[in-house]
Amino acid sequence: MSIKINLTKNGPSFSKIVFGTMNWGVWGADLNTNQMLSLIQKSHELGVTTFDHADIYGHYTTEGSFGKALSQNPSIRQDLQLVSKCGIQLITPNRPSTKVHSYDTSRKHIILSLENSLKELGTDYIDLLLIHRPSPLMDPNEIAEAFSRLKQDGKVLHFGVSNFTPSQFELLNSRIPLVTNQIEASILHLHPFLDGSLDLCVQKEIKPMIWSPLGGGKVFTNLEDEQIIRIREVCTKIGKKYGNYGIDQILIAWLLKHPSAMLPVLGTSKISRIESALKVMEIELSTEDWFEIWVASTGEPIP
Amino acid sequence: MSIKINLTKNGPSFSKIVFGTMNWGVWGADLNTNQMLSLIQKSHELGVTTFDHADIYGHYTTEGSFGKALSQNPSIRQDLQLVSKCGIQLITPNRPSTKVHSYDTSRKHIILSLENSLKELGTDYIDLLLIHRPSPLMDPNEIAEAFSRLKQDGKVLHFGVSNFTPSQFELLNSRIPLVTNQIEASILHLHPFLDGSLDLCVQKEIKPMIWSPLGGGKVFTNLEDEQIIRIREVCTKIGKKYGNYGIDQILIAWLLKHPSAMLPVLGTSKISRIESALKVMEIELSTEDWFEIWVASTGEPIP
Amino acid sequence: MSIKINLTKNGPSFSKIVFGTMNWGVWGADLNTNQMLSLIQKSHELGVTTFDHADIYGHYTTEGSFGKALSQNPSIRQDLQLVSKCGIQLITPNRPSTKVHSYDTSRKHIILSLENSLKELGTDYIDLLLIHRPSPLMDPNEIAEAFSRLKQDGKVLHFGVSNFTPSQFELLNSRIPLVTNQIEASILHLHPFLDGSLDLCVQKEIKPMIWSPLGGGKVFTNLEDEQIIRIREVCTKIGKKYGNYGIDQILIAWLLKHPSAMLPVLGTSKISRIESALKVMEIELSTEDWFEIWVASTGEPIP
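Protein chains in written order, with the numbering used here: chain A, 41 to 343; chain B, 41 to 343; chain C, 41 to 343.
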């Protein structure tokens, strides 16, 4: 079973499950080089070849840690798809020049940030670069210029955005083709199903990448919450119906059923969670089960 | 005076007042075959030739009752425009296989539902088929395929939607031409005047059909409500000014003044209400009167 | 330094700072003819050549007062750009026929109102005519007809709107080209930065005119308000950093940094405020400073 998918007609081919690296470094598990290498290799063996980064992860250190690990086995690079993001300016001792937590989508910052990501990751190019957050100050012409320059130089193959509204997406997409919008969506975050974000992806045949696909873990910790109780109850029942699937697996299957063909970004440092998510591909959730889960979240019948 | 109107340039020609059948059957008046036939024939004589159905009305029985009545006078069919809807799955003993109140916009369901509607209505074709509710799971390509097949087979002449947001309308309309969006609008439901729904209809020259054009009757029952008191007072005054018109008539005239050229769907089983609505065509409400009614509803002056 | 800017590629060339006349007449300072003439001439000398009017200002009297002043020095007219607006019907002894505060965007009203504005302003043409408020009843075809007629007759050179949502803008712009949307925006009114209004301007390369660019003066009067305290503190600090600039100047610089290239409409009758605003052109606010001001307004860090 192929677990590859094209983000758009002429877009990059990614693994349907994307490995999010936010918690690999000092913001999370703080893996050492051998542990990271092991994670990359095991993931590669499983066919999960797309890794999601951002310049800022680990206060600008996690790309470097990943790159150091990858340099131990450089031949694997050609099989991987590396995603990074830029545009946020974090206050951290690692960037003493930044005085205000802010966004910078200037041509200069985008290029500098990407070139730094290449250096940190130890690679000549990345497959996809995203603007991390929409800035009220973003100039689409300037961003398009920066993107064109990076493409021309072979440093970035494709471009996208993250956390953009439909209106912001249309704005930048009117200047340069975007292949994805990486947004938050989960059974605990239904807005994109209703506010036009996913409509636009389906209309333009651009596949969304999904962060926090499990709602940031609340389904597994807020056990007293009535919404969570309802969701867990329904997903447990449905999990048993389809085999022996866990709540997390049913919730990923729930996302995968959407016609936008979402790519969940799993922000974990455990290979077991990747293996678990891959098993979800076997599940073909019925429409009725999908709506039962939806209603468990909203707490009210559909009209 | 013609009371016909084209939904779009090449769309179907409907009567400006549409007879809604939701309450003809077991969900409402529970008319017998003779009563229904009489209603259809009287409406036909009045020029109100468009009848609005849905597969689910009367728990999937009202189309059948209508069809049985119509079969008593089959020659009348060619003068009528029949609208139906599909996409909602209701839990009812009449559909024991449905376990979850949900939406189904699959190719298979749309075709099956429509073919059943044809059988129930006792007709070879309907003039317009609507997707009853936007489903978060709807795949516009699949809906377009189903619609194309039904059109090719001569089973449905035109297609539309109901209760779609502008974004959802654009999504499906990008795949197959839609001739209407049947939405709720009334002096008690002003959202579509402000949220872009009617803007889109006007921009695309697609005439909206309007359900609950009188706000579901609340104007005639919630007599203690301050908003209702204001509306009734203003409409009573204006009704006298234009002749001897009732509040219901002024409220329909109020809708008809909108440049989108709305088609109110009157959900009644009384021919007198249709006759009353037809008299509204004589009224040309002034712009000032229109705003006085608007302000009676909102309770605050326009900016 | 040129302070001219084109509203669109083929649009009119306006001064970057627009002089708003709303408070010149009986709604505000009630200037006499000599005082108005002096204001016009001084503004002209400063290069602030664009004057923003509306038919209704001063209960339909301020255009007349301005025209009377301008007639004392008619040769200056060719250097000025005059903007006016129509569409609101005010209740005032000056318009006894208006019984309801309402909007009128009929062909007849637009043309009559504009012709009256020409007479009052004592000019053969105006440079820009705006629909003052979006009316739920506006028919874009009818507005386009009126605009085309006025353009053909040489009475209005360009057309735009005011206070339109993106959806309303698209609707009218689909029928006739619009060169601006005059909207409210300021550090106290951030909606247009987030609701797609400014996105649309940037996407279509249509420059917005901005009313209440300083939030209607609240920054200078609500001194106990926590939001105001934060804004004043940050702007005071930044004002010192760039030179000796006041809070009002920093807040205009803050608007001018936006890539939509906003034209602030200063609703004042004091030439000193125009002089003060012109000095803002020297400031190139840094992105970090811009975000520090944004956060002072919202009271929470950006994501």
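Every residue, glycine too, gets a C-beta built ideally from N, C-alpha and C. Given the structure is predicted, the values throughout are model-derived calculations rather than measurements.
Spatially closest choice to residue i from the options, by CA coordinates
i, options, result
"B:Gly-60", "B:Glu-340, B:Pro-253, B:Lys-139", "B:Pro-253"
"C:Ser-153", "C:Gly-162, C:Val-140, C:Ser-124", "C:Ser-124"
"B:Asn-50", "B:Asp-144, B:Val-58, B:Phe-199", "B:Phe-199"
"C:Leu-76", "C:Ile-311, C:Pro-304, C:Glu-155", "Correcting the residue identity first, residue 76 of chain C is Met in this sequence and not Leu. Checked all of C:Ile-311, C:Pro-304, C:Glu-155; the closest Cα to C:Met-76 is C:Ile-311."
"B:Leu-296", "B:Gly-283, B:Arg-147, B:Asp-329, B:Met-321", "B:Met-321"
"B:Thr-163", "B:Phe-187, B:Val-335, B:Leu-197, B:Val-66", "B:Leu-197"
"B:Pro-174", "B:Ile-183, B:Ile-246, B:Asp-167", "B:Ile-183"
"C:Tyr-282", "C:Leu-170, C:Leu-325, C:Ser-337, C:Glu-245", "C:Leu-325"
"A:Leu-230", "A:Gly-107, A:Ser-115, A:Ala-336, A:Ser-105", "A:Ala-336"
"C:Tyr-100", "C:His-84, C:Ile-116, C:Gln-192, C:Pro-133", "C:Pro-133"
"A:Leu-47", "A:Val-259, A:Arg-117, A:Ser-105, A:Ser-300", "A:Ser-300"
"C:Leu-170", "C:Pro-343, C:Phe-204, C:Ile-116", "C:Phe-204"
"B:Lys-319", "B:Ile-292, B:Lys-159, B:Gly-255, B:Pro-136", "B:Ile-292"
"A:Pro-176", "C:His-298, C:Ile-323, C:Thr-308, C:Ser-309", "C:His-298"
"C:Leu-263", "C:Arg-272, C:Gly-256, C:Trp-251", "C:Arg-272"
Opposing strand residues paired with residue i [DSSP bridges]
i, result
"C:Asp-92", "C:Gly-60, C:Val-123"
"B:Phe-54", "B:Ile-45"
"B:Leu-251", "Here residue 251 of chain B is Trp; the residue named in the question, Leu, does not match the sequence. B:Trp-251 is bridged to B:Glu-224."
"B:Leu-306", "B:Phe-59"
"B:Ile-166", "B:Val-196"
"B:Ile-128", "B:Tyr-143"
"C:Val-201", "C:Ile-171, C:Asn-221"
"B:His-229", "B:Ser-226"
Euclidean distance between Cα positions of residue i and residue j
i, j, result
"B:Trp-64", "B:Asp-95", "13 angstroms"
"A:Ser-202", "A:Leu-120", "21 angstroms"
"C:Leu-12", "B:Gln-243", "Lying before the first or after the last residue shown, residue 12 of chain C is absent from chain C, which here runs from 41 to 343."
"B:Ser-237", "C:Pro-180", "15 angstroms"
"B:Gln-112", "B:Val-66", "20 angstroms"
"C:Asp-239", "C:Thr-327", "18 angstroms"
"C:Ile-12", "C:Pro-341", "Within the shown structure, residues of chain C are numbered from 41 to 343, placing residue 12 of chain C beyond reach of any answer."
"C:Ile-268", "A:Thr-102", "39 angstroms"
"B:Gly-127", "C:Trp-334", "46 angstroms"
"B:Met-62", "B:Gly-68", "7 angstroms"
"B:Gly-194", "B:Tyr-165", "7 angstroms"
"B:Thr-220", "B:His-149", "21 angstroms"
"A:Asp-235", "A:Ser-214", "20 angstroms"
"A:Ile-223", "B:Pro-206", "21 angstroms"
"B:Cys-241", "B:Ile-131", "33 angstroms"
"B:Ser-83", "B:Gly-107", "16 angstroms"
"A:Lys-258", "A:Lys-191", "39 angstroms"
"A:Ser-105", "B:Lys-247", "59 angstroms"
"C:Gln-118", "A:Met-178", "37 angstroms"
"C:Ser-316", "B:Phe-233", "41 angstroms"
"B:Lys-277", "B:Thr-261", "19 angstroms"
"B:Asn-156", "B:His-172", "16 angstroms"
"A:Ile-116", "A:Val-274", "41 angstroms"
"C:Glu-160", "C:Pro-343", "51 angstroms"
"B:Asp-70", "B:Ala-225", "26 angstroms"
Own chain partners of residue i with C-beta closer than 7 angstroms, once the 5 adjacent residues on each side are dropped
i, result
"A:Gly-87", "Ile-43, Ser-55"
"A:Ala-109", "Thr-73, Met-76, Leu-77, Ile-80"
"C:Arg-313", "Leu-306"
"A:Trp-294", "Ile-227, Leu-325, Trp-330, Ile-333"
"A:Arg-135", "Tyr-100"
Proximal residues to residue i (C-beta, below 6 angstroms), its chain only, five neighbours per side dropped
i, result
"C:Gln-129", "Thr-138, Ser-142, Asp-144"
"C:Arg-147", "Glu-182, Glu-185, Ala-186"
"A:Gln-208", "Pro-174"
"B:Arg-270", "Ala-336"
Contacts around residue i, its chain only, beta-carbon distance under 8 angstroms, and the 5 residues preceding and following it disregarded
i, result
"C:Gly-279", "Tyr-285, Gly-286, Ile-287, Gln-289, Ile-290"
"A:Val-58", "Val-88, Thr-90, Phe-91, Asp-92, Val-123, Met-249, Leu-303, Pro-304, Val-305, Leu-306"
"B:Glu-266", "Gly-339"
"C:Ser-188", "Ile-216"
"C:Pro-52", "Asn-46, Gln-121, Asp-167, Leu-168, Leu-197, His-198, Val-219"
Near the ligand PLP: residue i beta-carbon under 7 angstroms from a heavy atom
i, result
"B:Val-140", "By its list of ligands, the structure shown contains no ligand whatsoever, and the ligand PLP lies outside what it can speak to."
>> At a CB distance below 9 angstroms, what residues from the segment 291-324 of chain C approach chain E? Give them in sequence order.
In response: Checking the listed chains, one finds no chain E in this structure; the protein chains it contains are A, B and C.
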